[in-house]
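Chains as they are written, first to last, in this note's numbering: chain Y, -11 to 187; chain C, 6 to 384.
For every residue, glycine included, the Cβ atom is placed at its ideal position computed from N, Cα and C.
A quick note: this is a predicted structure, and the numbers were derived from the prediction, not measured.
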């Protein structure tokens, strides 16, 4: 145990995801040895992120204004909405530069053990966004695990009757990989999702 | 397949151990509490990623250490694989294959195939259905490592769905509404994953049946009318024998059973139908072995289940390493001799015994003395 303030810092750092006691100690001593200017910049970033960042009124992505950068951009295709669990999923899909539509961040997935039901997710807001008929396709991009699959199925049931196209991201083989190294679950899914090759 | 090396660091009572192994029989002799079983437990852990003695990983790490390491070299035909597992209680284990880290620990399943005989096997006959389901599932994964993912998915769905039922049931009893809007979706996943597991277990029992009958006769030395039958909590379609071709029909059967059970499930707050409620019924001369079989008959049945697993894996061309943990002491001299005869043809047999004389001469092989977490050549 260290004295007062140093131990407080280690304890706070240790509460962050992915950081154990050893890493917390290493980061704390790194900060102690670092240039005060660098540390102040980190402190300011930490305070500002809580003060200034809010969630987009429309899609619930992180934003610095009423609307996030993507919802505010008139060049984005307003007829496509991609549904994801978390803001970090938006970043992952944006990196592909493939998708030019809008997003909707649910804020998690259906998870009874974690106490998360449909009302704890931004599902009602999603249904409201679809009401005016502008959107023609909804892409379900929740995680390919049990909870993500259940959430996607639940949404498909809720939204299916509204008459728009509802699609699910394909799950399958990684590019640049060797077929023989793919695990059997992935390979099995890829088989289920196979498609006709155009001439 | 066989093992050529086993090294342990801070596993159970072993601070450090480096052991060279060879094909054929090796016997570890030592008094109780000296660390014989720990050796077989470590090997079994590499094969199944679980201990046959305890549910959690904490007891596997030596007192005072924060992690245990099991390293073993597996030779199959003319290929060798070096598997290294790092066991850290409360955290995900890490695995390395041929010195390179693997993405998921589960990826090393299937590299080593073992069949373990242990005193605990008597519970297969005399104990609860859970032990028999575990026996079937362990063998499913040994035959097709992909099944580990199917099992994990199914168990996850059962836990989530049961929590949903319990929470909603409690809310309803206290006058609330109880949110069951997602139940239909969970039912869909329970039915598909459950049907896949059910299809695999049914097919396994079909494959196992003749081997069990034959092994029982060989161990008991007398022809007895033994049978194994899968008892499903879901009414099965007529003439079900499992296999992937039946999956669609089993999905429908699951859905029908879930519809039937729905009111009861909400009332009791648990998932009442599905392979997690099934049993493998063992019977001798038309009567359930549990409750009717004598001690000797029960042992013959337990050994027959293990020997049949051995035969099945062999037939799949997955020649397993046989691990015999202290079983000879449990058996009378006739069963000892027959068991020794039946396991002798295996590529590698690792045996532990408190008294060297308990191990029949057919299994002479190499002998090691185990004392105070050290292993020494006895010859």
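Within 7 Å, strictly: CB atoms of residue i and residue j
{"i": "residue 202/C", "j": "residue 280/C", "result": "yes"}
{"i": "residue 94/Y", "j": "residue 118/Y", "result": "no"}
{"i": "residue 62/C", "j": "residue 94/C", "result": "yes"}
{"i": "residue 204/C", "j": "residue 247/C", "result": "yes"}
{"i": "residue 24/C", "j": "residue 11/C", "result": "yes"}
{"i": "residue 15/Y", "j": "residue 34/Y", "result": "no"}
{"i": "residue 181/Y", "j": "residue 158/Y", "result": "yes"}
{"i": "residue 72/C", "j": "residue 91/C", "result": "yes"}
{"i": "residue 238/C", "j": "residue 278/C", "result": "yes"}
{"i": "residue 37/C", "j": "residue 359/C", "result": "yes"}
{"i": "residue 155/C", "j": "residue 200/C", "result": "no"}
{"i": "residue 317/C", "j": "residue 216/C", "result": "yes"}
{"i": "residue 24/Y", "j": "residue 49/Y", "result": "no"}
{"i": "residue 153/C", "j": "residue 114/C", "result": "yes"}
{"i": "residue 97/Y", "j": "residue 135/Y", "result": "yes"}
{"i": "residue 289/C", "j": "residue 349/C", "result": "no"}
{"i": "residue 355/C", "j": "residue 328/C", "result": "yes"}
Any chain C beta carbon closer than 7 Å to residue i
{"i": "residue 2/Y", "result": "no"}
{"i": "residue 91/Y", "result": "no"}
{"i": "residue 132/Y", "result": "no"}
{"i": "residue 141/Y", "result": "yes"}
{"i": "residue 6/Y", "result": "no"}
{"i": "residue 105/Y", "result": "yes"}
{"i": "residue 149/Y", "result": "no"}
Assigned secondary structure, residue i (DSSP; H/G/I helix, E/B strand, else coil)
{"i": "residue 87/Y", "result": "coil"}
{"i": "residue 161/C", "result": "helix"}
{"i": "residue 271/C", "result": "helix"}
{"i": "residue 9/Y", "result": "helix"}
{"i": "residue 362/C", "result": "helix"}
{"i": "residue 288/C", "result": "strand"}
{"i": "residue 296/C", "result": "helix"}
{"i": "residue 98/Y", "result": "coil"}
{"i": "residue 180/Y", "result": "helix"}
{"i": "residue 374/C", "result": "strand"}
{"i": "residue 112/C", "result": "helix"}
{"i": "residue 81/Y", "result": "helix"}
{"i": "residue 106/C", "result": "strand"}
{"i": "residue 233/C", "result": "strand"}
{"i": "residue 19/Y", "result": "helix"}
{"i": "residue 356/C", "result": "strand"}
{"i": "residue 307/C", "result": "helix"}
{"i": "residue 151/C", "result": "coil"}
First and last residue of the uninterrupted alpha helix (DSSP H) at residue i
{"i": "residue 221/C", "result": "188 to 225"}
{"i": "residue 111/Y", "result": "111 to 118"}
{"i": "residue 24/Y", "result": "24 to 40"}
{"i": "residue -1/Y", "result": "-8 to 2"}
{"i": "residue 137/C", "result": "134 to 148"}
{"i": "residue 89/C", "result": "That residue, residue 89/C, is in no alpha helix (DSSP H); its beta strand (DSSP E) goes 84 to 92."}
{"i": "residue 141/Y", "result": "134 to 147"}
{"i": "residue 13/C", "result": "Counting along the chain, residue 13/C falls outside any alpha helix (DSSP H), though it belongs to the beta strand (DSSP E) covering 7 to 16."}
{"i": "residue 128/C", "result": "127 to 131"}
is_contact[residue i, chain A] using C-beta, thresh 7 Å
{"i": "residue 255/C", "result": "The chain labelled as chain A is not found among the protein chains of the depicted structure, namely Y and C."}
Short CB-CB distance (under 7 Å) between residue i and chain Y
{"i": "residue 276/C", "result": "no"}
{"i": "residue 102/C", "result": "no"}
{"i": "residue 83/C", "result": "no"}
{"i": "residue 168/C", "result": "yes"}
{"i": "residue 53/C", "result": "no"}
{"i": "residue 322/C", "result": "no"}
{"i": "residue 165/C", "result": "yes"}
{"i": "residue 110/C", "result": "no"}
{"i": "residue 161/C", "result": "yes"}
{"i": "residue 231/C", "result": "no"}
{"i": "residue 187/C", "result": "yes"}
Residue range of the beta strand (DSSP E) that includes residue i
{"i": "residue 382/C", "result": "379 to 382"}
{"i": "residue 79/C", "result": "73 to 81"}
{"i": "residue 29/C", "result": "29 to 34"}
{"i": "residue 338/C", "result": "No beta strand (DSSP E) holds residue 338/C; the alpha helix (DSSP H) holding it covers 338 to 348."}
{"i": "residue 127/Y", "result": "125 to 128"}
{"i": "residue 4/C", "result": "Missing from the structure shown is residue 4/C; chain C here goes from 6 to 384 and no further."}
{"i": "residue 119/C", "result": "119 to 122"}
{"i": "residue 185/C", "result": "Here residue 185/C belongs to no beta strand (DSSP E), and DSSP marks it neither H nor E."}
{"i": "residue 53/C", "result": "Counting along the chain, residue 53/C falls outside any beta strand (DSSP E), though it belongs to the alpha helix (DSSP H) covering 41 to 53."}
{"i": "residue 330/C", "result": "326 to 330"}
Whole-number beta carbon distance between residue j and residue i, since they are thought to touch under 8 Å
{"i": "residue 162/C", "j": "residue 372/C", "result": "Between residue 372/C and residue 162/C the Cβ distance is about 49 Å, and since that is not below 8 Å, they are no contact."}
{"i": "residue 364/C", "j": "residue 333/C", "result": "6 Å"}
{"i": "residue 149/C", "j": "residue 274/C", "result": "Contact flag wrong, Cβ pair sits at about 34 Å."}
{"i": "residue 169/C", "j": "residue 307/C", "result": "Residue 169/C to residue 307/C, Cβ: 38 Å. No contact."}
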